[in-house]
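In this text, residue positions in the sequence shown follow our numbering: the first is 13, and each later residue adds one. Here a beta-carbon is modelled for each residue, glycine too, at the ideal position from N, C-alpha and C. Worksheet: the structure to be examined is printed underneath.
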Amino acid sequence: MSDQIHVLLDETALAAAGQGNIVVSRLIHRAATEAGWYLYAPTCALVEADRARPGIAEHFAALPGVTILDLDLPAALAVAREATWAAAHTLHAASPTPERPDGAFIATAAPHRWAGQPVRVLDVSP
């Protein structure tokens, strides 16, 4: 197990940040200021969040400590197999990789949507 903390923001967590969610704000702060904390926004989740709350994509793209995850070929293939792009891209990105050998937590304001999925969930709902 790694000493690093990797957290993905799904579209509900991204939208919650735009509404002042304190847990997401703390994640953003830690990723920007503390070694070993990494925060990611999958592109497809960012698009969905921006549809719900216009301007959130530009805001997150400008934040230090937040890495925007591109929709590369493996992610696109994963997205093609699922019903929603945002959830599929987030689920794919949460899987273990060489950079994230333990995978990543998914921060979400809707933890029920990840029930039954092989992921670790961080509930940011109020």
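Mark Glu-94 as exposed unless 16 or more other C-beta atoms lie within 10 angstroms of its C-beta, in which case mark it buried. Classification of Glu-94: exposed, given that the 10 Å Cβ count is below 16.
I believe Gly-30 touches Ile-68 by the beta-carbon criterion, under 8 angstroms. Please report the beta-carbon distance rounded to the nearest angstrom. Indeed, because the Cβ distance is near 5 angstroms, the residues count as touching under 8 angstroms.
Ignoring anything shorter than 4 residues, give me the alpha helix (DSSP H) runs that lie fully in the segment 62–89, in order along the chain. Given a length threshold of 4 residues, each whole run of the alpha helix (DSSP H) inside the segment 62–89 is given here in chain order: 68–74.
What is the DSSP secondary structure of Pro-54, reduced to helix, strand or coil? In the structure shown, Pro-54 falls within a strand segment according to DSSP collapsed to helix, strand and coil.
So what does Trp-151 bridge to, in DSSP terms? Residue numbering for the chain in the displayed model covers 13 to 138; residue 151 lies beyond these limits and cannot be assessed.
Select from Pro-130, Leu-51 and Ala-61 the residue whose C-alpha is nearest the C-alpha of Thr-96. For Thr-96, the nearest C-alpha among the options comes from Ala-61.
Residues in the same chain with beta-carbon distance under 6 angstroms from Val-91, minus the five sequence neighbours each way, listed in chain order, please. So the qualifying residues of the chain are Trp-97, Ala-100 and His-101.
In terms of residue numbering, what span does the alpha helix (DSSP H) encompassing Ala-127 cover? Looking at the DSSP string, Ala-127 is not in any alpha helix (DSSP H), and its letter there is neither H nor E.
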